[in-house]
Amino acid sequence: MVPMSTKRSSPTPSDEEEPSGKRRCTGRELPQTPPPEHEIAFEIKSVSLFDSNVRQLLRRSVASALDFVGFDSATEEALEAMCAEVDTYTTHLLSQVTASMLIARRSAPIPHDFEYALHRFSLPLASLEPHLRPPITVPKLKLEQEEATAEDSKTKNIVKILGPELDGEEDKKTKSYIPKGFPAFPSKHTYKWTAKEPDRMTDPRKIREEAAKSARMGEEALRRLVKVSKAGKEKDMKKIASRDPRSKERHELWERTMRSLAGDKGVNGTDSLDDRSMVVNAEKQYFRKGAPAKRKLLNPSPPPPPLLSTSADLVPLEP
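Below, the structure written as structure tokens:
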């Protein structure tokens, strides 16, 4: 078998005569003139609450400053450029404030940090005095705020459900910095930790009373336990005595004697066990047992006779 060659075959004249594949050439045609710009019509909506968007407040401040200088209008690009400049300047200023705060290992800035930032930007404190009273008219400085919504009177009164101990209205009254128009505080259990265990009692009289009460309850519980155990032991004793006829007879005789001594209570059958009495031989099977007695053998074997020495067994002392 002849191995196949992996080399590419050389082109033949017949291949060159074949027409090459045609492909349509398309060139990019750019328009001579740009398309006309379509103006987007928009309506300026009056917003009553300016605090909801900080960017809007910044644009309003820039527009007020331009109006005071003498500009009647400004393009959108110029307004955004000025806002960007203010944003950049404020960012650099606050970065110095943050650096001073972190160097001193504080979690909140103090006036010394702002003074350090102004000194880094070569701004004396006297340069801020003209800005304390801006020359803008008072009507333009006022902001229209959103009116606070009135509370719904149809809602359920939580104080009646939870009690006056969890009412948060007292906390609101003690904090004078909270505006009066703010809604009422929720229940205290929503924002305060409630102790799971009551406070420890420190009155010695109450402590003694609680100790006496606990001792009394423990004594009654032990008395009931002894009563139940006594009844159980008596049943066990009666059961053991019933196995032997003589023991059973003695036990019945003892019961009749005790009933006769009890009198009317034994006849009526309303006698009750004395809670203070104890079974003397209770738990007798667990008592310490003595050494077992030796049993006497009926036919004891006679003791072995003593060994008698003869003259042959004697050894003379002298030769």
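Numbering-wise (my numbering), the sequence shown opens with residue 168 and increments by one. Glycine included, each C-beta is placed from N, C-alpha and C at the ideal position.
**Chain-order list of residues whose beta-carbon lies under 7 Å from that of Glu336 (same chain, five-residue window excluded)** = Ala351 and Phe352
**Prompt:** Skipping 5 residues on each side, what residues in its chain have a beta carbon closer than 6 Å to that of Gln263?
**Reply:** Ala284 and Arg287
**Request:** Would you mind working out which of Lys373, Asp366 and Ala317 sits nearest Lys347, comparing C-alpha positions?
**Result:** Ala317
**Request:** Measure from the alpha carbon of Lys400 to the alpha carbon of each residue in Pro297, Lys451, Arg383 and Leu428, then state which is nearest.
**Result:** Lys451
**Prompt:** Beta-carbon separation of Met268 and Pro276 under 7 Å?
**Reply:** yes
**Message:** Counting C-beta neighbours from all protein chains within 10 Å, is the total for Val305 16 or more, i.e. buried, or is it exposed?
**Reply:** exposed
**Request:** Look at the alpha carbon of Ala232 and the alpha carbon of Asp280, and state the distance between them as a whole number of angstroms.
**Result:** 28 Å
**Request:** Leaving aside the five residues before and after Lys307 along the sequence, list all residues of the same chain whose C-beta is less than 7 Å from its C-beta, in chain order.
**Result:** Ser231
**Asked** On the three-state DSSP scale, how would you describe Ala232?
**Response** helix
**Request:** Assign Val221 to one of two classes, buried (16 or more other C-beta atoms within 10 Å of its C-beta) or exposed (fewer than that).
**Result:** exposed
**Request:** From the DSSP output, in three-state form, read off Val434 for me.
**Result:** In this prediction, Val434 scores a pLDDT of 47, lower than 50, which makes its location untrustworthy; the coordinate-derived value is nonetheless stated afterwards. The answer is helix: DSSP assigns Val434 an H, G or I state.
**Request:** Put Leu295 into one of helix, strand or coil per three-state DSSP.
**Result:** helix
**Item:** Boundaries of the alpha helix (DSSP H) in which Phe132 is found, first to last residue
**Value:** Coverage of the chain is limited to positions 168 through 486, which leaves residue 132 absent and any answer about it impossible.
**Prompt:** Under three-state DSSP, which class holds Arg367?
**Reply:** coil
**Asked** Taking buried to mean at least 16 other C-beta atoms within 10 Å of its own C-beta, is Val130 buried or exposed?
**Response** No answer is possible for residue 130: the residues shown for the chain start at 168 and end at 486.
**Request:** State the start and end residues of the unbroken alpha helix (DSSP H) segment that holds Phe281.
**Result:** Pro278 to Arg287
**Message:** In this structure, how does DSSP classify Pro331 when only helix, strand and coil are distinguished?
**Reply:** helix
**Prompt:** What first and last residue would you give for the alpha helix (DSSP H) that runs through Arg410?
**Reply:** Run containing Arg410: none; DSSP gives neither H nor E here.
**Prompt:** How many Å lie between Lys309 and Thr255 at the Cα?
**Reply:** 27 Å
**Euclidean distance between Cα positions of Glu314 and Tyr344** = 19 Å
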